[in-house]
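Engineer: This structure is in structure tokens; I'll ask about it shortly.
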Amino acid sequence: KHIGAIVKSIQRDTQDAVDAMERSTRGVVEGTRTADEADQALREIEKISNRLAELIGAISNATQQQAASAAQVAGKMKIILGVTQLTTEGTKKTAASAAKLGELADGLKNSVAGFKLA
10 KHIGAIVKSI QRDTQDAVDA MERSTRGVVE GTRTADEADQ ALREIEKISN RLAELIGAIS
70 NATQQQAASA AQVAGKMKII LGVTQLTTEG TKKTAASAAK LGELADGLKN SVAGFKLA
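Residue 10 is where the sequence shown starts when you use the numbering used here, and the numbers rise one by one after that.
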């Protein structure tokens, strides 16, 4: 009887060890699955981060181009302002010359009015 009890005890201990090994194996399998999922998630994050870096670079380039264009437009506007000022001055001088020419024409008319053709 005593040997039978020892055998049963060994069988129970062996079964407990097998059960513990199975639980451990399931834990390892689950841990591996979790690690694989984490690896996949990290790869996706890396891909998105790389794409984001590309987009930021493109935005930076576009911003630099727009800044250069804005500077060119500002330069052209200064030129247009200068031309407008010159045109305004020219127009004022033309108006003054036209007024003077009108005065001269009136004076000439008055001078010629005294002469009569025979």
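Glycine is no exception: its CB is placed at the ideal position from the N, C-alpha and C atoms.
Would you tell me roughly how many angstroms separate the C-alpha atoms of residue 38 and residue 48, rounded to the nearest one?
Structural biologist: 15 Å
Engineer: Run through DSSP, which three-state label would residue 123 get?
Structural biologist: coil
Engineer: If you draw a straight line from the C-alpha of residue 23 to the C-alpha of residue 10, how long is it?
Structural biologist: 20 Å
Engineer: Look up residue 10 in the DSSP assignment and say whether it is helix, strand or coil.
Structural biologist: coil
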